[in-house]
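This report refers to the structure that appears directly beneath it.
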Amino acid sequence: MKANKQEITLCPGESRELVVVQDQPGLAEQEAEWKITLPEGASLNMVFLSLQGTVHNRIDVSLEGPQADCRLSGLYLASGDERMDYDILLTHHVPGCRSEQLFKGLLTGRSVTHFDGLIRVVPDAQKTEAYQANHNLLLSDDARAHTRPQLEIYADDVKCSHGATVGRLNPEELFYLRSRGIPLTEARMLQQLAFVGEVLERISSQEQRERLQTRVEERLRSAF
Amino acid sequence: MNTLLNIENLHASVGDKEILRGINLAIRPGEVHAIMGPNGSGKSTLSAVLAGRDTFTVTEGSVTYEGRDLLALAPEDRSWAGIFLGFQYPTEIPGVSNVNFMKAAVNEQRKQRGLEPLSAGQFLKLMREKMAYVEMDSSFSSRGVNVGFSGGEKKRNEIFQMAMLEPRLAILDETDSGLDVDALRIVASGVNRLKRPDNAFIVITHYQRLLDYIVPDVIHVLYKGRIIKTAGKELALEIEEKGYDWLIHESE
């Protein structure tokens, strides 16, 4: 299958928000590729929601002008035999840019996800700020989340961090919720919604956010 | 009057370690029972077993609540039956707001009783009314459950939740620990407002201090997983004065 490829280049000083929703069922791999370029003072807030299907997303971001600012967020809900992969390369080519990534995965069934995220900071790109986090929750014994956050830093005056976790629903929270009369399935749902909320909050339009929140909840209730 | 809760020869363990070693306790509607005892005597284990925490295994004995086998019920079933545990260490739940948490809890209780869910307006009114019981600021409702709350705020949140759910049997596990005098007074007055002839309280505490505010009908002293002494409220003063050693010697 031919990859769906998009090039996105912002104008200097432009601010843009993009929300990508992947909501096609099926196990045939849907490949998609984004090549994103941010010139001076450009600011991008991009949110990926992979709600079902087998997806392979390649995201390549270049920060090419000073004071460019990129926030990438993603949520992937993988169930059954689905596979969801994110390959991200984010390059700080010039000094004084900022990037922040937050990707969260909820997995159930026998699904498998891969998060492969590389932040590269070239030798001249001093005063870079770059952060990346990938958190996964496994809701079944057979689901597998692979995560590989990486930093390649060639400048010495930078603030960078990355972190990754793979875990399960917190049993203490679950007991607390149930002790107040919230039944097991509903308590688990509250925990899952709390987990995904951090990504959905990044959608600034209230109307769009609420609509997608409803859709995410539908997916969780039907497949998780 | 009928017994609300009847505990008979209750034994419970964590792994190989037996913590409760034969508890007998009967509680009737309208009563306030205090459970005191040194650290590690099993006070918190008893409250956890009654609320249905699965880290403990009951190995012997029975607990009957309103004539039902309490131990056979899931934690949410116990809540629907009117049992409430005030946690010693309330759990923080990031991402779930206090208001959504309580709305889910209250409406689930109503559903179990065959009642319609409350409208948004009715719910907010109820929430405001009960928050006033514990002098909680309304800004707490939009915050994550217990997230970033001080020790005193967490305990007030427990009493607020109790006021929302109006339990028949409330078990307060060291609700006074870590509270200054003002917070203690607020928590105690919240409890006193909820006292009715048809409900009961088990108040677990280390200190006599709380019992100045919440006056118990009976005091039990728990030691090494057994109740070694049961007496009236004056026992608390004696313990405050002389500690637990004399009781331990007496029982051995």
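Protein chains in written order, with this note's numbering: chain A, 1 to 224; chain B, 1001 to 1252.
The C-beta atom is built at its ideal place from N, Cα and C for all residues, glycine as well.
Per DSSP, what kind of secondary structure is residue i in: helix, strand or coil?
i, result
"V20 (chain A)", "strand"
"M1 (chain A)", "Residue placement at M1 (chain A) is flagged as unreliable, the pLDDT there being 49, under the threshold of 50; the coordinate-derived value follows with that caveat. Of the three classes helix, strand and coil, the one that applies to M1 (chain A) here is coil, per DSSP."
"M1036 (chain B)", "strand"
"K1111 (chain B)", "helix"
"I203 (chain A)", "coil"
"M46 (chain A)", "strand"
"I1186 (chain B)", "helix"
"K104 (chain A)", "strand"
"I988 (chain B)", "In the structure as shown, chain B starts at 1001 and stops at 1252, and residue 988 (chain B) therefore has no counterpart that could be examined."
"L1235 (chain B)", "helix"
"H1206 (chain B)", "coil"
"I1248 (chain B)", "helix"
"N1006 (chain B)", "strand"
"A1012 (chain B)", "strand"
"K127 (chain A)", "coil"
"V122 (chain A)", "coil"
"E186 (chain A)", "helix"
"T1064 (chain B)", "strand"
"Y86 (chain A)", "strand"
"D1217 (chain B)", "coil"
So, is residue i buried or exposed, given that buried needs 16 or more other C-beta atoms within 10 angstroms?
i, result
"Q39 (chain A)", "Reading off the sequence shown, one finds Pro at residue 39 (chain A), where the question assumed Gln. Buried, by the Cβ-count rule."
"P1216 (chain B)", "buried"
"P149 (chain A)", "buried"
"K1229 (chain B)", "buried"
"T1205 (chain B)", "buried"
"E7 (chain A)", "exposed"
"Q1161 (chain B)", "buried"
"M1 (chain A)", "With a pLDDT of only 49 at M1 (chain A), under the threshold of 50, the placement of this residue in the model should not be trusted, and no figure is reported."
"N1098 (chain B)", "buried"
"G1015 (chain B)", "exposed"
"K1017 (chain B)", "exposed"
"Y1223 (chain B)", "buried"
"P1117 (chain B)", "exposed"
"H92 (chain A)", "buried"
"A1236 (chain B)", "buried"
"I1075 (chain B)", "Note that residue 1075 (chain B) corresponds to Pro in the displayed sequence, not to Ile. When all chains shown are included, P1075 (chain B) counts as buried."
"K1125 (chain B)", "exposed"
"Q1122 (chain B)", "exposed"
"C269 (chain A)", "This structure leaves residue 269 (chain A) out entirely; chain A is present only between 1 and 224."
"K1130 (chain B)", "buried"
Considering only C-alpha positions, which residue in the set the options is nearest to residue i?
i, options, result
"L177 (chain A)", "B:L1071, B:L1124, B:P1094", "B:P1094"
"A42 (chain A)", "A:L107, A:S50, A:R71", "A:R71"
"I1019 (chain B)", "B:S1047, B:M1102, B:F1201, B:P1029", "B:S1047"
"I1214 (chain B)", "B:I1227, B:K1224, B:G1152, B:R1185", "B:R1185"
"R110 (chain A)", "A:S140, A:V122, A:F195", "A:S140"
"K1043 (chain B)", "B:S1141, B:I1227, B:K1233", "B:I1227"
"A223 (chain A)", "A:P12, A:D23, A:G197", "A:D23"
"S1062 (chain B)", "B:R1053, B:L1005, B:R1110, B:D1054", "B:L1005"
"L106 (chain A)", "A:K5, A:Q208, A:S15, A:Q191", "A:Q191"
"E217 (chain A)", "A:L193, A:L200, A:Q208", "A:L193"
"G1152 (chain B)", "B:S1138, B:E1166, B:D1182", "B:D1182"
"E1240 (chain B)", "B:I1248, B:G1232, B:Q1208", "B:Q1208"
Could you tell me whether any Cβ in chain E is nearer than 8 Å to the Cβ of residue i?
i, result
"F224 (chain A)", "Among the chains of the structure shown, chain E does not appear; the protein chains present are A and B."
For this session: Taking 8 Å as the threshold, find out whether the region 1171 to 1189 of chain B comes into contact with the region 1083 to 1097 of chain B through three or more Cβ pairs.
Result: Between the region 1171 to 1189 of chain B and the region 1083 to 1097 of chain B there are three or more C-beta pairs closer than 8 Å, enough to call the two in contact.
Exercise. Do the region 1016 to 1032 of chain B and the region 1139 to 1148 of chain B meet, that is, are 3 or more Cβ pairs less than 8 Å apart?
Worked result: Contact annotation: the region 1016 to 1032 of chain B does not touch the region 1139 to 1148 of chain B, with fewer than three C-beta pairs closer than 8 Å.
Exercise. Between the region 1121 to 1137 of chain B and the region 204 to 215 of chain A, do three or more beta carbon pairs fall short of 8 Å?
Worked result: Taking one beta carbon from each stretch, the region 1121 to 1137 of chain B and the region 204 to 215 of chain A have fewer than 3 pairs nearer than 8 Å; the two do not touch.
Problem set entry | Touching by the beta-carbon criterion (3+ pairs, under 8 Å), the region 178 to 197 of chain A and the region 1071 to 1083 of chain B | Contact holds: three or more Cβ-Cβ distances are below 8 Å.
Exercise. Which residues, in order along the region 1152 to 1181 of chain B, keep a beta-carbon less than 8 Å from a beta-carbon of chain A?
Worked result: If the cut-off is 8 Å between Cβ atoms, the region 1152 to 1181 of chain B has Q1161, L1165 near chain A.
For this session: Taking only beta carbons into account, state which residues of the region 1103 to 1116 of chain B come closer than 9 Å to chain A, listed in chain order.
Result: The residues in question are A1104, A1105, V1106, E1108, Q1109, Q1112.
For this session: Please confirm if the region 163 to 174 of chain A is in contact with the region 78 to 85 of chain A, defined as three or more CB-CB distances below 8 Å between the two stretches.
Result: Too few Cβ pairs lie closer than 8 Å, so no.
Exercise. Is the region 150 to 164 of chain A touching the region 128 to 135 of chain A, taking contact as three or more C-beta pairs under 8 Å?
Worked result: Taking a contact to require three or more Cβ pairs closer than 8 Å, the region 150 to 164 of chain A and the region 128 to 135 of chain A qualify as touching.
Exercise. Mind listing which residues of the region 192 to 203 of chain A have their C-beta closer than 9 Å to chain B's C-betas, in chain order?
Worked result: For the region 192 to 203 of chain A, the residues whose beta carbon sits under 9 Å from a beta carbon of chain B are, in order, L193, A194, F195, V196, G197, E198.
Exercise. Just by C-beta distance, which residues in the region 91 to 119 of chain A are closer than 7 Å to chain B?
Worked result: Under the 7 Å Cβ criterion, the region 91 to 119 of chain A contributes no residue.
Problem set entry | Residues from the region 1058 to 1085 of chain B in contact with chain A, defined by Cβ distance under 9 Å | Listed in sequence order: A1074, P1075, E1076, D1077, R1078, S1079, W1080, I1083, F1084, L1085.
Exercise. Between the region 166 to 183 of chain A and chain B, which residues of the former have a C-beta closer than 7 Å to a C-beta of the latter?
Worked result: Against chain B - using a Cβ distance shorter than 7 Å - the residues of the region 166 to 183 of chain A are E172, E173, F175, Y176, R178, S179, R180, G181, I182, P183.
Exercise. Any residues in the region 12 to 40 of chain A with a beta carbon nearer than 8 Å to a beta carbon of chain B? Which ones, in chain order?
Worked result: Those would be none; no residue qualifies.
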